[in-house]
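Colleague: One structure is given below, represented as structure tokens, and several questions about it will come after.
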Amino acid sequence: MKIARISRAAAAALALGVAAAGFASVPEAQAQQGFSGKSAGDIMVRARMIGAIPDEDASVTVIGGNVSVDNDWVPEVDFTWFVTDNIALELIAATTRHDVSSSVVGSLGKVSLLPPTLTLQYHFMPKERFSPYVGAGLNYTFFYKEDAPGGIVTSIDYENSVGYALQAGLDYALNDNWYANIDVKKIFLSTDVSINGGAITADVDLDPWIVGFGVGYKF
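This is the structure:
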């Protein structure tokens with residue numbers, strides 16, 4: 183199931199890239215006087231509202247059963263630096279909080295995540311108002327404020343972890359500086375969980391989708 187989901191995510195990103203590449207052959211007659219688009223050296227700062235949607239097929243090994251993690255919507259800030267007109271680096275920062283439960287042991291309490299993610303992007307049609315992009319990169323997730331629910335689970339600890347990410351999105355230039363943006367990321371995230379001081383250990387696969395929309399300003 184997970185391989186199929188990874189394949190679908192990769193296929194979706196590839197399809198977007200192929201479609202955008204086809205559009206890139208259209209002459210830039212649409213360009214308006216005074217509109218420069220994206221260029222090497224530009225820095226774009228975006229503010230987005232993002233939804234962190236954990237994979238419904240997330241699992242807990244060792245103790246068995248499935249894990250359920252609720253969704254969360256939070257504000258996010260990201261910074262993008264254009265190395266060339268087409269290639270850019272993006273760093274995102276946001277924090278989310280989730281209720282976690284297991285089909286075997288019940289509630290696993292609450293946990294907060296800080297998942298800074300750095301992606302290498304390719305922007306199609308950077309001089310056009312509609313400019314889609316795809317990306318891939320690395321994620322490092324910090325887990326904090328782990329609150330055990332009590333009862334049979336008296337303590338819980340999530341280990342910080344490294345994962346990787348795929349990304350696809352679209353910028354629309356409102357003018358030469360302001361952009362509207364939609365963005366989708368798939369983060370492949372696993373963490374080791376220690377329950378009741380290590381009496382129970384588990385490997386939890388979260389693999390969340392990150393869906394966002396917002397505005398950006400290009401400097």
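To convert a position in the sequence shown, counted from 1, into the working numbering, add 182.
C-beta atoms are modelled at their ideal positions from N, C-alpha and C, and glycine is treated no differently.
Check N363 in the structure and name its three-state DSSP category.
Modeller: For this step, residue 363 is matched to residue 181 along the sequence shown. Strand, per DSSP.
Colleague: For I291 and N357, I'd like the C-alpha separation in whole angstroms.
Modeller: Here the question's residue 291 lines up with position 109 in the sequence shown. Here the question's residue 357 lines up with position 175 in the sequence shown. At residue 291 the sequence reads Gly, which differs from the Ile that was named. G291 and N357: Cα-Cα distance of roughly 46 Å.
Colleague: Look up A229 in the DSSP assignment and give the residues it is bridged to.
Modeller: Walking along the sequence shown from the start, residue 229 turns up at place 47. DSSP, once it has assigned bridges, lists V259 and V397 as partnering A229.
Colleague: Sort out for me which residues DSSP pairs I377 with in a bridge.
Modeller: If you number the sequence shown from 1, residue 377 lands on position 195. For I377, which the question treats as bridged, DSSP gives the partners I338 and I382.
Colleague: Could you have a look at F324 and say whether DSSP puts it in helix, strand or coil?
Modeller: Translated into the one-based positions of the sequence shown, residue 324 becomes position 142. Residue state, collapsed to three classes: strand.
Colleague: So V265 is in the beta strand (DSSP E); what residue range does that whole segment cover?
Modeller: For this step, residue 265 is matched to residue 83 along the sequence shown. Run containing V265: none; DSSP gives neither H nor E here.
Colleague: When you compare each of T301, Y361 and V286 to I382 by their alpha carbons, which one comes out closest?
Modeller: Locating residue 382 in the sequence shown gives position 200, counting from the first residue. Nearest C-alpha to I382: V286.
Colleague: From what residue to what residue does the beta strand (DSSP E) around K292 run?
Modeller: What you label residue 292 is simply residue 110 of the sequence shown in a count that begins at 1. Residues G288 to L296.
Colleague: Verify whether the separation of the beta carbon atoms of N321 and A347 is less than 9 Å.
Modeller: Your numbering for residue 321 matches position 139 in the sequence shown. Your numbering for residue 347 matches position 165 in the sequence shown. A contact, by the Cβ cut-off of 9 Å.
Colleague: Which one or two residues does DSSP pair with D133 in a beta bridge?
Modeller: There is simply no residue 133 to check, as the chain begins at 183 and stops at 401 in what is shown.
Colleague: Among P257, Y304, F324 and S284, which has the Cα closest to the Cα of P298?
Modeller: Against the sequence shown, residue 298 aligns to sequence position 116. Among P257, Y304, F324 and S284, the Cα nearest to that of P298 is on F324.
Colleague: Going along the chain, which residues of its own chain have a beta-carbon closer than 7 Å to the beta-carbon of P209, five neighbours each way excluded?
Modeller: Here residue 209 refers to the residue found at position 27 of the sequence shown. Here the model assigns P209 a pLDDT of 40, short of 50, so the residue's position is not dependable, and the following value carries that caveat. Counting only Cβ-Cβ distances below 7 Å, and skipping sequence neighbours, we find nothing.
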